[in-house]
Amino acid sequence: MKRFAIIGSGCAAYHAAKAIRERDKEAQIHIYSDNDLGPYNPMLTTYFVKGAIPYGALFPFGSREEIQSRLDLCWHPNCPAAGLDPEQKAIRLGDGTEEAFDGIVIATGASAVMPPIPGLDLPGVFKMRTAQDAVELKERLESGTIKSALVIGASWVGIKVVEDMVEHQVPCTLVDGAKWMFFVAAFEETARRAQKDLEAKGVQVACEQMLDHIEALPGGGLCAVMQNGRRFEADTVAVCIGVRMNVGFLRDSGIAMNRGVLVDAHMRTNYEGIYAAGDCCEAIDIQSGAPRNIGVWANAGRQGDVAGANLAGVPMEFDANILANLAHYLDYDFISIGDVSACKETDQVYGYEDERYYIRAVRSPEAIKCINMIGSADSNGIVRNIFIKSIKEPKAGLDVPAVCQLQRNGFPDSFIEFLGGISVD
Ligand SMILES: Cc1cc2nc3c(=O)[nH]c(=O)nc-3n(C[C@H](O)[C@H](O)[C@H](O)COP(=O)(O)OP(=O)(O)OC[C@H]3O[C@@H](n4cnc5c(N)ncnc54)[C@H](O)[C@@H]3O)c2cc1C
7 MKRFAIIGSG
17 CAAYHAAKAI
27 RERDKEAQIH
37 IYSDNDLGPY
47 NPMLTTYFVK
57 GAIPYGALFP
67 FGSREEIQSR
77 LDLCWHPNCP
87 AAGLDPEQKA
97 IRLGDGTEEA
107 FDGIVIATGA
117 SAVMPPIPGL
127 DLPGVFKMRT
137 AQDAVELKER
147 LESGTIKSAL
157 VIGASWVGIK
167 VVEDMVEHQV
177 PCTLVDGAKW
187 MFFVAAFEET
197 ARRAQKDLEA
207 KGVQVACEQM
217 LDHIEALPGG
227 GLCAVMQNGR
237 RFEADTVAVC
247 IGVRMNVGFL
257 RDSGIAMNRG
267 VLVDAHMRTN
277 YEGIYAAGDC
287 CEAIDIQSGA
297 PRNIGVWANA
307 GRQGDVAGAN
317 LAGVPMEFDA
327 NILANLAHYL
337 DYDFISIGDV
347 SACKETDQVY
357 GYEDERYYIR
367 AVRSPEAIKC
377 INMIGSADSN
387 GIVRNIFIKS
397 IKEPKAGLDV
407 PAVCQLQRNG
417 FPDSFIEFLG
427 GISVD
């Protein structure tokens with residue numbers, strides 16, 4: 007009987023455990039977690055805060071106890087890995103003991119970044135990543151003690167916290183150090199439009215505001231002071247400025263890393279029998295061919311599947327690692343697919359706008375580089391699949407079902423042609 011260990015207990019860990027169990031009924035599967043919860047979906051935390059879902063809905067695979075029994079797992083709650091000996095395939099625990107296994111999946115995810123900026127430890131300053139973060143913010147919002155909010159970080163997480171504030175009728179300002187919102191995903195034109203639309207919903211937005219420190223005001227409340235001297239007062243400050251991969255315990259272990267654990271298409275690390283999946287790793291970005299951390303829910307699940315299957319002896323590859331995200335907020339949606347920074351001045355720019363859709367996209371003769379869309383959440387899947395196919399088979403063009411689907415969804419012929427298809431009558 008084989009013994010496997012999974013470090014972490016999120017989406018990637020769950021999928022890895024399930025993939026192993028589906029292929030090996032006898033194996034002992036150990037889950038080492040730094041908390042006592044079952045796998046939950048961090049992207050649903052803000053939906054819980056605004057009251058759209060109950061607490062239990064954060065746990066899409068069931069409770070820890072249900073999963074433990076369904077997949078026959080040995081779960082070690084509140085038992086984080088403190089180190090790893092990849093030669094021995096051994097996990098070192100907090101008390102210094104080591105446990106060796108036949109194979110290990112590292113699935114420790116990422117944490118919200120809270121840099122050493124003065125004032126980030128003041129009461130009223132919070133982050134948004136864990137179920138506990140969500141419970142605390144919801145309690146504060148429902149107690150009515152939050153009268154104004156400042157959200158720092160105008161990207162995927164910050165925008166969802168803004169939505170929570172607006173839904174609770176809390177006046178909110180959104181600031182970011184970058185030149186425009188969604189800086190790593192949006193073309194400037196798209197971002198300016200999204201900013202205007204957000205301001206029309208009553209949210210103040212200020213870009214190019216780099217936080218210097220936060221101070222407590224004498225009469226209560228907080229003031230976030232920017233490096234340019236501008237001051238933003240609010241009684242609550244949400245810091246949503248990015249994530250750090252939870253890989254500190256691997257330093258000096260010999261596991262190859264950049265910011266996250268480096269893996270190949272099989273989710274293999276540089277050590278035989280040791281895999282990594284989800285937000286803690288950098289898989290190969292199929293657009294650039296280079297390793298990139300793309301921390302999204304679907305990737306975590308698929309990468310967990312692939313790591314688990316390979317560990318159980320069934321070869322599988324993950325071949326869809328591309329930058330792609332959808333932000334749905336305040337009855338608005340923004341989608342970005344591909345790498346905005348890969349675009350060059352010589353590339354072809356496509357723009358389209360009607361009452362329903364806003365599209366801005368860039369391509370070279372060889373490849374689509376990046377697509378921004380507003381108002382097309384329903385078409386996220388199809389456009390993402392077309393994008394992936396265009397990378398894998400650049401000369402293939404669109405197949406008839408894809409063209410028909412785009413036409414049914416109301417996209418103009420010019421966009422279909424831009425994507426490589428010919429409209430069908
Ligand atoms: C507010 C918010 C909004 C989001 N919105 C979206 C979205 O719209 N679309 C999308 O696709 N994705 C979104 N995401 C990202 C998505 O939630 C993540 O990509 C996904 O949850 C990653 O899963 P994971 O299993 O890799 O990591 P995690 O969910 O972070 O799970 C890792 C687990 O491992 C535990 N752990 C850490 N270190 C150790 C250790 N040493 N030992 C044991 N256990 C450890 C952690 O506590 C955690 O429980 C959002 C995230 C947030 C926070």
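Numbering (the numbering used here), first residue to last: 7 to 431. Note that CB positions come from ideal geometry on N, CA and C, so glycine has one too. Computed from a predicted structure; not experimentally measured.
Relative to the Cα of T242, the nearest Cα in the group G227, I388 and V312 belongs to G227. Excluding the 5 residues flanking it on each side, A315 has same chain C-beta neighbours closer than 7 Å at A25, R29 and M322, in chain order. T52 sits in a helix when the DSSP states are folded into three classes.
Given a length threshold of 3 residues, each whole run of the beta strand (DSSP E) inside the region 227-288 is given here in chain order: 228-232, 237-240, 242-245, 249-251 and 280-282. The beta-carbon separation of A240 and T151, rounded to 12 Å, does not stay under the 8 Å limit for a contact. Between ligand 1 and the CB of L180, the shortest heavy atom gap is not smaller than 7 Å.
The Cβ atoms of F193 and A160 lie no closer than 8 Å to each other. Distance from V176 to K153 at the Cβ level is roughly 7 Å; contact confirmed, criterion being Cβ atoms closer than 8 Å. DSSP places N299 in no alpha helix (DSSP H); its state is neither H nor E.
Residue range I374 to I380 is occupied by the beta strand (DSSP E) that includes N378. In the DSSP assignment, C410 falls within the alpha helix (DSSP H) that extends over V406 to R414. DSSP places L77 in no beta strand (DSSP E) but in the uninterrupted alpha helix (DSSP H) bounded by R70 to L77. Close CB contacts of W186 within its chain, under the 6 Å cut and outside five residues either way in sequence, are with E194, A197 and C213 (chain order). Inter-residue distance for T103 and S385 is about 50 Å (C-alpha atoms, whole angstroms).
Excluding five sequence positions before and after C85, the CB atoms of its chain that fall closer than 7 Å to its own CB belong to Y38, S39 and L99, given in chain order. If you ignore the 5 residues before and after D139, its C-beta comes within less than 8 Å of the C-beta of T51, A118, F132 and K133, all in its own chain and listed in chain order.
For G57, the CB stays at least 7 Å from every heavy atom of ligand 1. A residue is called buried when at least 16 other Cβ atoms come within 10 angstroms of its Cβ; Y20 meets this threshold and is buried.
The region 401-409 makes no contact with the region 358-368; the number of CB pairs closer than 8 Å stays below 3. Assignment of C80 by DSSP, reduced to helix, strand and coil, places it in the strand class.
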